[in-house]
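Okay, so the sequence shown: first residue is 89 according to the working numbering, each after it adds one. Glycine included, C-beta positions come from ideal geometry on N, C-alpha and C.
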Amino acid sequence: MTNFKIQEIEKSFDGKILENLGDNDYIIKINDSEHKLKIISMNSRGIEFILNQQYHKAKYLEQSTNEMNIVIDNVPMIINLHTHYDKVVYKNSGGSGSGGAQTALKSQIPGKVVSISVEHGDSVKKGDVVCTLESMKMQVAVKAHKDGVIRNIKAKESGTVAKGDIITDIE
């Protein structure tokens, strides 16, 4: 389940795909109501879709881990994606309160490795970005869960990781 929050509209909603009907047709649930969604076209610049028989065009302006600036039907808005995504990824990768015993920095999401920011032998501080993953068209920074030295980098740039895969050891 993805949590979206649109600024200026003081309302957040949960969006979920209930059923993939094939041929780019989906039944989606927004909060408690079901809607029919047909994706006409989607690329790196934006998406054209029909929601409940109404045509919409969304254009992506820029995107970070938490926010996506888009224009839908000529109305600019910022969508906060996974409002707590960074914190969740950080906490589950060994950050916050798991002590210094764990050396393995693990991926908490499946994704493509966009970039690796460290090399074997580098010193890192807790919270430093170790690598960037792309998952569901979002880039997520994976941060060091403790101070230490990078050992055994397992992730490869442009490779993929599954949830729970070890990215690197920090000793």
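My assumption, with CB atoms under 8 Å, is that T220 sits in contact with V228. Please give the rounded CB distance.
Stepping through the sequence shown from its first residue, residue 220 is reached at position 132. Stepping through the sequence shown from its first residue, residue 228 is reached at position 140. Right, their Cβ atoms sit about 7 Å apart.
For K124, name the three-state secondary structure that DSSP assigns.
Along the sequence shown, one-based indexing puts residue 124 at 36. Strand at K124.
Taking the beta strand (DSSP E) that R239 belongs to, which residues open and close that run?
Here the question's residue 239 lines up with position 151 in the sequence shown. Taken as a continuous stretch (DSSP letters only), the beta strand (DSSP E) holding R239 covers G236 to R239.
From which residue to which residue does the beta strand (DSSP E) around Q227 run?
Residue numbering aside, residue 227 sits at position 139 when the sequence shown is read from its first letter. First-last of the beta strand (DSSP E) with Q227: M226 to K231.
For the beta strand (DSSP E) containing S223, list its first residue and its last residue.
By one-based count along the sequence shown, residue 223 stands at place 135. First-last of the beta strand (DSSP E) with S223: V217 to S223.
Tell me where the beta strand (DSSP E) around K117 begins and ends.
Here residue 117 is taken as the residue at index 29 of the sequence shown, counted from 1. D113 to I118 is the span of the beta strand (DSSP E), which, as asked, contains K117.
Cross-strand partners of H144 (DSSP beta bridge)
Taking the sequence shown and counting its residues from 1, one reaches residue 144 at position 56. Paired residues: F137.
Among M224, M226, K225 and K234, nearest to V218 - alpha-carbon criterion
The residue you call residue 218 lines up with position 130 of the sequence shown. Looking at the Cα atoms, K234 is the closest of the given residues.
Whose C-beta lies closer than 6 Å to the C-beta of N108 among residues of the same chain, with five residues either side of it excluded?
Counting from 1 along the sequence shown, the entry for residue 108 is found at position 20. These residues qualify, in order along the chain: Y114.
Can the beta-carbon of I204 be found less than 8 Å from the beta-carbon of A243?
For the purposes of this step, residue 204 is taken as residue 116 along the sequence shown, with counting starting at 1. For the purposes of this step, residue 243 is taken as residue 155 along the sequence shown, with counting starting at 1. It is a contact, given that the beta carbons lie within the stated cut-off.
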